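S.K.:
In this note's numbering, the protein residues as written are 8 to 235.
Encoded structure:
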């Protein structure tokens, strides 16, 4: 009977989550297998979890950083640090995602936050749309790997595993993936004979680093709080 109700709801174009909840509720009401207060208790206890508070706060942190212009500071720092390499903006894309991953914790926030700035800048410097979008999409996957990571928090809660240990386990894979991505960018830069996009400037690097110091402290603070 439960499957029948679920299929009926799905055939009516109802979202999967609502169809599952609705089918279960109708089944319980028809069969009377569980008292109503037990159903309510189970529904509330499923979301009554302190670690789940990290989900909305991660999203809030990403929105605050976008609106406060922090993404621009991250981009400027990455540009000053590696923009002078061949295929510089590709390296900037990857490095910026590494830094932003330490604050957003999700791939979507990374792609939406830095992606718009990076793709526009790369197209203005003559990079193809395919390459710009490809690098942005690939580097955004570092968000769920490099700590602090939102999927790690959810997995740690569901599997009863230490979130701090998961964060530590994500550092090495994230760094290795970033290095491999930058090596791939360097290969395409050598193959297509791309030059540097900006000149190296110590003054620009120091200024960008100074503006970013407050931002860099965020992932360290989050990691220390969650690891405890």
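Glycine residues also receive a C-beta, built at the ideal position from the N, C-alpha and C atoms.
From a predicted model like this one, the values you see are computed outputs, not experimental measurements.
1. My output table needs one value for residue 75: the three-state DSSP class, helix, strand or coil.
2. Roughly how many angstroms separate the alpha carbons of residue 92 and residue 165, rounded to a whole number?
3. So, residue 113 versus residue 163, is the Cβ gap smaller than 8 Å?
4. Can you give me the Cβ contacts of residue 23 inside the same chain, cut-off strictly under 8 Å, excluding the 5 residues immediately before and after it?
5. For residue 21, which residues from the same chain have a beta carbon less than 8 Å from its beta carbon, with the 5 sequence-adjacent residues on both sides left out?
6. Taking residue 205 as the reference, which of 218, 155, 84, 184 has the closest Cα?
7. Using beta carbons (cut-off 8 Å, strictly below), is residue 196 in contact with chain D?
8. Considering only DSSP beta bridges, list what residue 93 is partnered with.
9. Nearest-angstrom Cα distance between residue 201 and residue 95?
10. Run through the region 110-188 for me and flag every whole alpha helix (DSSP H) of 4 or more residues, listed as ranges in chain order.
11. Helix, strand or coil: which one does DSSP assign to residue 57?
12. Just to confirm, are residue 171 and residue 153 a CB contact at a threshold of 8 Å?
13. Looking only at its own chain, which residues have a Cβ that is under 8 Å from the Cβ of residue 12, when we skip the five neighbours before and after it?
14. Are there 16 or more other CB atoms within 10 angstroms of the CB of residue 189, so buried, or fewer, so exposed?
M.R.: Taking the coordinates as given:
1. Here residue 75 refers to the residue found at position 68 of the chain shown. Of the three classes helix, strand and coil, the one that applies to residue 75 here is coil, per DSSP.
2. In the chain shown, counting from the first residue as 1, residue 92 sits at position 85. In the chain shown, counting from the first residue as 1, residue 165 sits at position 158. Roughly 43 Å between the two C-alpha positions.
3. Your numbering for residue 113 matches position 106 in the chain shown. Your numbering for residue 163 matches position 156 in the chain shown. Against a cut-off of 8 Å, the Cβ pair of residue 163 and residue 113 comes out as no contact.
4. Within the chain shown, residue 23 is the residue found at index 16, counting from 1. 17, listed in sequence order.
5. The count along the chain shown starts at 1 and reaches residue 21 at position 14. For residue 21, where only same-chain residues beyond five positions count, the Cβ hits under 8 Å are 29.
6. Translated into the one-based positions of the chain shown, residue 205 becomes position 198. It is 84 whose Cα lies nearest to the Cα of residue 205.
7. Within the model displayed, chain D is absent; a lone protein chain is all it includes.
8. Along the chain shown, read from residue 1 onward, the residue named residue 93 stands at position 86. DSSP, once it has assigned bridges, lists 203 as partnering residue 93.
9. For the purposes of this step, residue 201 is taken as residue 194 along the chain shown, with counting starting at 1. For the purposes of this step, residue 95 is taken as residue 88 along the chain shown, with counting starting at 1. Going from the Cα of residue 201 to the Cα of residue 95 covers about 9 Å.
10. 114-120, 122-131, 136-147, 157-166
11. Start at 1 with the first residue of the chain shown, and residue 57 comes out as number 50. Looking at residue 57 - three-state DSSP - the assignment turns out to be coil, as it is neither helix nor strand.
12. On the chain shown, residue 171 is found 164 positions in, with the first residue counted as 1. On the chain shown, residue 153 is found 146 positions in, with the first residue counted as 1. No, these two residues do not count as a Cβ contact at 8 Å.
13. Looking up residue 12 in the chain shown gives position 5. The answer, listed in chain order, is 29, 30, 33, 34.
14. Locating residue 189 in the chain shown gives position 182, counting from the first residue. Under this definition residue 189 is a buried residue.
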